[in-house]
Structures are given as structure tokens and as C-alpha cells.
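Okay, so here's the structure we're looking at.
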Amino acid sequence: MGMYLLKFSSCLLVFWLVYMFLLERQKMHQFKRFYLLGSIIVSLIIPLSTITYYIEPVITDFEALPMYIPIEPSFNNVSVEETSLFSLEAILWLIYGFGVLLLSIRFAYNLIKLYQKISRSEKIAKHSLIYVLLKESRIPHSFFKYIFLNKLKFEKNDIPKEVILHEETHAKQLHSLDIVLLELLQIIFWFHPLIYILKHHIRLNHEFLADQAVLEYGADSKDYQNILLQFSSSTQEYQLSSAINYSSSRLNGLFSKNSFGQIKKRFTVMKTQTSKTRIWLSTLLLLPIIAILFYSFSEKEYVERKPAETSEISLIQNKIKNKGATETMMQEYNNWIIKFNTIHQIDHAKYERIVAIYNMMTEEQRNTVESYPVIPDMNLSKVKSKAPTQAQFESWKDKNKFAIWLDGRHVSNSELNNYKISDIAHFVGSKVHKNARSTKFPQPFQYSLYTKEGFKKFYQETTVKKYKASTKTYTDAIKNYLKGSQTNNSELRILKAQADKIYNLFTEEELKKHSILPPPPVPAEKKVSPNKAMGKKTKGGPRVGDTQQDTYNPTFLEYIMEMEKKGASFYLDDVKITAQKAKSIAKTNKGKRTEMLTQKDTNGKYVVKLSSPKLIDSQEKASKKQVDEYNRLAKKYNDAPKNKMVIKFEEQKRIEYLYGLMSDEQKKNAQPYPNFPPKPQIVEIKPPTPPKPKYRAREIKEVEPPAPPKVIQVKEIPNPELVEIPPPPPAPESTLDFVTRMAKTDAKFFSEGKTISSDKAVKLLKNNPKLNVKAQKTDTKQPLVYISKKPILIGIKGKSPLIYVNKKMPKKGRISLTKEEFKKLKITLSEGKVVSFKLKIPSVKTDLISGNSISGTSIKNLEKFEKGMITLFDIKDNNNSKLPPVIIELKK
Numbered sequence: 001m002g003m004y005l006l007k008f009s010s011c012l013l014v015f016w017l018v019y020m021f022l023l024e025r026q027k028m029h030q031f032k033r034f035y036l037l038g039s040i041i042v043s044l045i046i047p048l049s050t051i052t053y054y055i056e057p058v059i060t061d062f063e064a065l066p067m068y069i070p071i072e073p074s075f076n077n078v079s080v081e082e083t084s085l086f087s088l089e090a091i092l093w094l095i096y097g098f099g100v101l102l103l104s105i106r107f108a109y110n111l112i113k114l115y116q117k118i119s120r121s122e123k124i125a126k127h128s129l130i131y132v133l134l135k136e137s138r139i140p141h142s143f144f145k146y147i148f149l150n151k152l153k154f155e156k157n158d159i160p161k162e163v164i165l166h167e168e169t170h171a172k173q174l175h176s177l178d179i180v181l182l183e184l185l186q187i188i189f190w191f192h193p194l195i196y197i198l199k200h201h202i203r204l205n206h207e208f209l210a211d212q213a214v215l216e217y218g219a220d221s222k223d224y225q226n227i228l229l230q231f232s233s234s235t236q237e238y239q240l241s242s243a244i245n246y247s248s249s250r251l252n253g254l255f256s257k258n259s260f261g262q263i264k265k266r267f268t269v270m271k272t273q274t275s276k277t278r279i280w281l282s283t284l285l286l287l288p289i290i291a292i293l294f295y296s297f298s299e300k301e302y303v304e305r306k307p308a309e310t311s312e313i314s315l316i317q318n319k320i321k322n323k324g325a326t327e328t329m330m331q332e333y334n335n336w337i338i339k340f341n342t343i344h345q346i347d348h349a350k351y352e353r354i355v356a357i358y359n360m361m362t363e364e365q366r367n368t369v370e371s372y373p374v375i376p377d378m379n380l381s382k383v384k385s386k387a388p389t390q391a392q393f394e395s396w397k398d399k400n401k402f403a404i405w406l407d408g409r410h411v412s413n414s415e416l417n418n419y420k421i422s423d424i425a426h427f428v429g430s431k432v433h434k435n436a437r438s439t440k441f442p443q444p445f446q447y448s449l450y451t452k453e454g455f456k457k458f459y460q461e462t463t464v465k466k467y468k469a470s471t472k473t474y475t476d477a478i479k480n481y482l483k484g485s486q487t488n489n490s491e492l493r494i495l496k497a498q499a500d501k502i503y504n505l506f507t508e509e510e511l512k513k514h515s516i517l518p519p520p521p522v523p524a525e526k527k528v529s530p531n532k533a534m535g536k537k538t539k540g541g542p543r544v545g546d547t548q549q550d551t552y553n554p555t556f557l558e559y560i561m562e563m564e565k566k567g568a569s570f571y572l573d574d575v576k577i578t579a580q581k582a583k584s585i586a587k588t589n590k591g592k593r594t595e596m597l598t599q600k601d602t603n604g605k606y607v608v609k610l611s612s613p614k615l616i617d618s619q620e621k622a623s624k625k626q627v628d629e630y631n632r633l634a635k636k637y638n639d640a641p642k643n644k645m646v647i648k649f650e651e652q653k654r655i656e657y658l659y660g661l662m663s664d665e666q667k668k669n670a671q672p673y674p675n676f677p678p679k680p681q682i683v684e685i686k687p688p689t690p691p692k693p694k695y696r697a698r699e700i701k702e703v704e705p706p707a708p709p710k711v712i713q714v715k716e717i718p719n720p721e722l723v724e725i726p727p728p729p730p731a732p733e734s735t736l737d738f739v740t741r742m743a744k745t746d747a748k749f750f751s752e753g754k755t756i757s758s759d760k761a762v763k764l765l766k767n768n769p770k771l772n773v774k775a776q777k778t779d780t781k782q783p784l785v786y787i788s789k790k791p792i793l794i795g796i797k798g799k800s801p802l803i804y805v806n807k808k809m810p811k812k813g814r815i816s817l818t819k820e821e822f823k824k825l826k827i828t829l830s831e832g833k834v835v836s837f838k839l840k841i842p843s844v845k846t847d848l849i850s851g852n853s854i855s856g857t858s859i860k861n862l863e864k865f866e867k868g869m870i871t872l873f874d875i876k877d878n879n880n881s882k883l884p885p886v887i888i889e890l891k892k
């Protein structure tokens, strides 16, 4: 709130200064009226606006390893001080509330006085205005369409017509609307001096407008000025009304040296002439002012830019509506999240599947699950080689100081005598602290060197090898799928997403250089049809030619009866029918064609959709419009030169579909089917023979190549998958070394949210090496480095407190409750307290709840939900940490 008020005040101050020095004495009063009102509105909006900066994904090489510094969190028991009931914040809010209440009462009181004045006085209607004749002696003033005049002077015609015209102008131009809005704004910002100042300028500008209207009507300027002087002697004040003597009766001490200062200003403005050119220039001046204020005081958000798609096929496929993840995928994802929150370990192969499943989810599905931990992608193929200097190369021969790896294998320092400096294409290394050294490698520095061949193998070709392995797995899965029933392609969708992610990392040059083809599309699933999927069942067991998975082969009627037992809903040509009607169709439609499709709705219930033979027959013949579309597309490709034919994936699929709809007679009279070249064949890519021995590993992450074996922990698991891993990377540099290096790159440093100098940052790390450090890349190429006492956890979460639902601890993230128990839902923790969480009921909008108990909205939504799974996620405690989700099974 404090930062918002500061930004709001700064914007308002700039607008006011522009008005004071450039606009106030100019004769363009309508423009000034909207400028002053608009400046308040714009000043309120700018601090709430956000500018999004898209930053490129960080390409991590070994030198960038410290950008993600693994820090072991330490947990200390901290005594919590009891806050006083009368804290400074509470006192300030109390004072603010009292001011709002006081001004609200004054505003209501003034409205009531105006209402009583109008209702108790004689009124005369004149066109769209109403004259209110007062018995007491009052200066003429107006409020909306009401003009208040002294009855005796009005009847004797003692009120100058210029004064009446002045007040009529106030009423017709709705100046009272501005005043009411300003009064309401003043109630909210009663403590803000600029609101009072701008309110004065707006009301004074109203007088400028009324004066201009009187003079344009034909009044003599000198006579009118004399009238103003006569009325200016009155000290009567009107809070909500526009009065002719306003300028001399309010804020005179602040805006003029004597009581007639503002009247003189009105006289000056009457004589001023402003050209149209000046008006246009003043208007144009606002654009750069607003732009500068918007850029300076709006919030800034940094978003990592996603890699651009590099293939036309990928672009086409992205246009296809996302079908979302299947129920099995969602279950796999939730199980992985629960396991991760328990053991805090990541198997990289499983992690890639989880990322692919999350990317396939719809927005509604993502709202029901906890986000996976983000591990930075490390594209080693983009790392640029860094050759050593002669001095560095010679220093590495010291065996007491350096441990050396060459192309992934440890070598003695003397072996470098067999190489020239030109043989080393790339190197990385770091200092090893005493607690990280081993008996085998006691040296304080460890370096990995790469020859040209080694750099090519461990860096430049890593992504290519990974893509070949991924496409091999995917194409093998397609072959197995095509040999089977082809009813569930969800596994292929996951493998395809993983391959696409790697494919999109390649540049156009890399695609051409390595002859890389995009992964083939996912084969479609076959629809369930009584004639094809079910056929006719022979008595006595399976039919001749049935495979093992085809052993269960019910008839049409048996299938309908089985789905009826499972509570399925039945539809005929998209019209809901009873199960009895569906069984009747199965009995009477023997020998006729009936298409059938079985699906699950959002509540997990089966839906069986039938299509009548009549509808199928009508669909098997193309319409005239479809034939015309086919002829147009076919003619386009038939007329195209064979050697320059550009085939669009969507159009080819459309031609195939339309041609399949056409009858034999329609095909005879239509354009011949285009002679498309054969589709690209799937290339089997055999991975090269691994040159290195294989290690058994459980937790394998894509890290930058080699370093000492001490850094990587290898865990034995039963029947592990053999995976080739590069030698371990060197130990990361210390936080002090990292901050010192970042200071040389002109980085911007923050400590506990406040900007500090690079010298101050280095000093903080020298005094306390245990401080946590994190760096972030920005559009300005100036890294942002954050230093904090609080732990910074990268990819691995700290120990979470135990969650209890209605004083019961969920087992493996699940618990069963009745509807009545759920209505009394209360979430508690073993340590701390829950401050907010999100609740998701299927087919109902996610409910964001403050506190630890269920809201009235969710109780109302629960009335329509009888049985199923409800998810509690994004649970946060008073330390603002994220807790694992809980799945509640609603039972009867």
C-alpha cells in the first residue's frame, strides 16, 4: 500500500506541475477540465499496471552454474514475539478510519441540507432547469439542475442577468457531477494534500468556463468584472454547490497573496487568447508525459520466453484444440507429485514424462493439481567453446594443485605434456572447498578439459543423441500400437510431446546439418463399432482368429446390457434415450448398420452414443458444397508444377476426407484425385555404440559435463535401467566468488528486497558466507542478484509440516469423507497454521479460500455433487510455503 501511494502521489504531482506551469492561464477550459479529472484517474491506474518483459531462456554452461547455487537450508527455532494490540499499523488504520467516517458524515450532512433546502422552498421550472427561491439572503449558486436564488431579489429583478447566466452554465455543463466525484475521492484520500489542491483547481476551472459562457453570450467584460467584485465580498461557502464567488472564498491563503488574488486571475484569463496550434501542442504533450509515467511507475514482470516453433508441422498441430490429459495421465501426475513431496528426489526420465503430461493438460485440469518443481533446462549443444591461455595450460600440470579430467576421464597431470595448447578446445573448472575434497582427489582445484572430439561428443552432439533416442522410443511404440487394437494412444501422445520438446531446441542450421526430421504424428484411435469392435459372438468362447486381447467379444445387445449395469447414459443421433430403447435398437437392428461410440463425461460416467442407419447413409454421400470444395482443392494441386508442389498438411487431410465421402458417381464427375508424392517414411535411427562403460543410476539429471566423481551420488536400485552418463561436473564456486564475479559484470544487487551496491554485497558475503544467493537474467542484460537470509530452494522443497483434515492425517495424500463431514472441513498442520487454499469440485469453478475451513460458496456447490474426487491444492501456511495437495473422496 505504501509503494502504491508513493507512485500515485508522484504521478499526481507531475500532472499538477504541468497544469500549473503550462495550462492554467490558457484559454482552453474544456480541455483543462478533462485534463484535471483524467490526471487523477490515470494516476490511480498507472501504479496498478504491469509491463511484461520477455527474457530469453538461460543457456547454461559451466561458467553459469553458480546462477543456480544449491544451498543446504538450515532450520533454527526462532522465538515469536507477541505483537501488541496497539501497534503503529493499527493506530494508523484507526486514524484513517476516523477521518473517513468524519468526512462521510459531513458529505451526507451537506446532501441532506441541499435536499431540505429544495423541498421547503418555492420552485419555478424554466426549460430544463429549476429555480429554487430562498427566503434567506444567499449568493446565487447551483447544484445539478437546481439554481438557488434569493426570492425577494428575484421578484424585484435585482439579480443581474449575467449572474443567472453564470449559474445556468454551471447547471447545463454538469459541474456538480465533478464536485460530487471529488468529494467521494476526498473521503478516501482525505490525508492527501494534492487531492485538495486539484479539487480547488477543478472548481476554479468551472468558474473559468462559466465566465467564458457569459462573455460569449455578449456581456460587457468590464461590467461583468464589476459584478464579480461586488459578489466577491461575501464569505458564504458552499461545499457541494457552484457559486459565483468561489475563487475568493476558498484556499486564498495558499493560492494568492490577498483575498482578491483569484478574482484577478479570472480577470487575466478572460483577456487571454490561446491559438489552436497551442491547444494541439498541449494535447500532444500529454502523450510522452503519460508514457514516461507509465514506464517509470508501473510494475515490471519478467517472463521467460518460450522457444519458437521451427517446423510447419508443429505449427499446424499447435492449432489443433488441446484434448487435455486422460484420467490415467492425471493419476500418474498426482502420484508423482505425492511421491516427490515425500522423498524429495527426482528421477529425470520420470520427470520428463510429468512435464509432458502437464503441458497436455487443459487450464481446468491444471487448476486441480500442484505444479511440478521447475528444473532449468540445460542445452549443452548451445555452449560456446572456451580455449585456455598458455599460462593456464602450464599451471594445470601442477599435481598438488589441480585434479584434471580429459574428455570425461581422469588423467595424471603429466599426461598434459603429450598435448599442445591448441589441442584443448574447451575447459571448465572450479575451486573445491575442504569439506568437499576426498582422499583420492585432495587438490583444491578440479578442471575438465576437452579436445575438439570431446567437445563435439559431450556438448555439440548431446541434443542430437538425445533426440535420436527419443524418436527411436517413439517410433517403436508406434509400431507396437499399430499391431494392437489401436484404442488408446495416450502413451504415444506423451512420447510425442517429449520428442517435440527436444526437436524445438534445434535451429534451422542444425536441422539441415544433421538431417533431422520431425517426429511423425500420433496415429488416431479407432472408434468402437458394433460391427467392427464387437462383431458377432460365437457360442462356446472366442472366435477363430481372435487374439488373446480379443477373447472378450460381446454382441451388440450384451454390450448395451453391460453398460447399463455400469450406469451409462445412452444417446441416439445426439438425443438422449433410455437403456430400454437402446436394448430395443440392439434387438431390432440385426443386419443393419449402427455406429457406436463410448466415452466418459466430466464426472467419470460412461456415455454411449448411437447413430441410426439413416443418419449414416446421409453422411456417406458428400453434399454439393463438399464436392465443390473438393474440386477446388484438387484442381489447385493438379494444376501445380510437380517439381514445385507445396503440399499443406491440413489441405491434404481435407482432400482425403472429402474424397472418402463421395459416392462412385460423384467421383466420376469430379476432379481426379491429386497425385501427391509419397509421405516421408519413418527413419529408424540406431544409437551409436556407447564408448564408455555404463553406470547403474537412480537419480540422473541433465547436468553439464564432467567433474570429479565425488560430486554425484550413485544409488543402486534393483533391476535398474542402464543409462550412459557423462563424468561428474566440478564443484560449484563459493557464493563469495560468485558475487565477486557478478560484480564485475555490472550486476544489480538486492538484499532482503532493497537495492545495495556491489561493494556492500561482497562485504555481506565476507561477514556471513552462509547467506543465500540467487541470480536472474533480464532483458537489459544486467543480471539481478538477490541475497537473503531465508533459504532459497532450487528444485527441491524443504521439509513440509504434516497436514490434517478434520484432525485426521491423509494416507498418501488421500482421505475419504461423507458430505456432512466435508461441510465441516478444517485443515490443520503439525506446525504453523493454514492461511489459504484452493478447492476444486469437478465441473465447478475453483474456489480460492482464505483461512483453513470451507467457504459458503463451496458448501453451496457441494449440494449438486454426490460422489467423486475433490481436490485441495495450493495450500499455504503462515510462512507462505506451498504444501502438497490432498484428494478427498466423497462417500455416501
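Take UniProt numbering: the final residue in the sequence shown is number 892, and no numbers are missing along the way. Just so it is clear, CB atoms sit at the ideal spot from N, CA and C, and this is done for glycine as well.
Query, Result
"Extent of the continuous alpha helix (DSSP H) run through His206", "193-217"
"Whole-angstrom distance between Ala219 and Leu36, CA atom to CA atom", "28 Å"
"Contact set for Lys819: own chain, Cβ-Cβ below 7 Å, skip 5 residues either direction", "Leu862, Leu890"
"Inter-stretch contact (C-beta, 8 Å, three-pair minimum) for the region 224-231 and the region 147-163", "yes"
"Residue range of the alpha helix (DSSP H) that includes Ala469", "462-483"
"8 Å contact criterion, which Val383 and Tyr459 should meet: CB distance rounded", "5 Å"
"Phe556 versus Met596, Asn334, Ile187, Gly567, residue with shortest Cα-Cα distance", "Met596"
"Exposure of Tyr474, with buried meaning 16 or more beta-carbon neighbours within 10 Å", "buried"
"Nonlocal neighbours in the same chain, by C-beta distance under 6 Å from Gln619, ignoring five residues either side", "Residue placement at Gln619 cannot be trusted, given a pLDDT of 48 that sits under 50; what the coordinates show is reported in the next sentence. Once the five neighbours on either side are set aside, Gln619 has no close Cβ partner at all."
"Buried or exposed by the 16-neighbour rule on C-beta atoms within 10 Å, applied to Ala634", "buried"
"Stretch-stretch touch, CB-based, cutoff 8 Å, three pairs: the region 166-174 with the region 198-216", "yes"
"Reference Thr735, options Phe749, Asn772, Phe107, Ser758, closest by Cα", "Asn772"
"Pair within 8 Å by beta-carbon distance, Leu784 and Lys754", "no"
"Contact between the region 599-606 and the region 643-656 (3+ Cβ pairs under 8 Å)", "no"
"Alpha carbon of Phe444 to alpha carbon of His514, nearest angstrom", "A small fix is needed here, since residue 444 is Pro in this sequence, not Phe. Distance between the alpha carbons of Pro444 and His514: 40 Å."
"Through-space distance from Ser850 to Glu752, alpha-carbon basis", "27 Å"
"Given 8 Å, three or more beta-carbon pairs between the region 36-55 and the region 6-19", "yes"
"Exposed unless 16 or more other CB atoms sit within 10 angstroms - verdict on Lys300", "exposed"
"Touch test, the region 326-342 against the region 86-102, Cβ-Cβ under 8 Å, three pairs minimum", "no"
"For Ser816, three-class secondary structure by DSSP", "strand"
"CB contact flag (Ile46, Leu293, <8 Å)", "yes"
"Every unbroken beta strand (DSSP E) inside the region 611-674 [3 residues or more]", "none"
"As assigned by DSSP and simplified to three states, the class of Met809", "coil"
"Cβ separation of residue 915 and Thr451, assumed to be a contact under 8 Å, to the nearest whole Å", "Here the chain comprises residues numbered 1 to 892, so residue 915 is not present and cannot be evaluated."
"Rounded C-alpha distance that separates Met20 from Leu839", "53 Å"
"Any beta strand (DSSP E) of 3 or more consecutive residues that is wholly inside the region 408-453", "409-411, 424-431, 445-451"
"DSSP-derived helix/strand/coil call for Trp336", "helix"
"Proximity below 8 Å, CB of Lys397 to CB of Asn413", "yes"
"As assigned by DSSP and simplified to three states, the class of Asp847", "strand"
"Tyr372 (DSSP reduced to helix, strand or coil)", "coil"
"Rounded separation between Thr277 and Asp178 - CA only", "28 Å"
"Among Lys113, Thr507, Lys145, the one whose alpha carbon lies nearest that of Ile124", "Lys145"
"Beta-carbon spacing of residue 893, Ile337 below 8 Å", "The question about residue 893 has no answer here: the residues shown for the chain are numbered 1 through 892."
"Where Ala391 falls, given that 16 or more other Cβ within 10 Å makes a residue buried", "exposed"
"Secondary structure of Phe21, DSSP reduced to three states", "helix"
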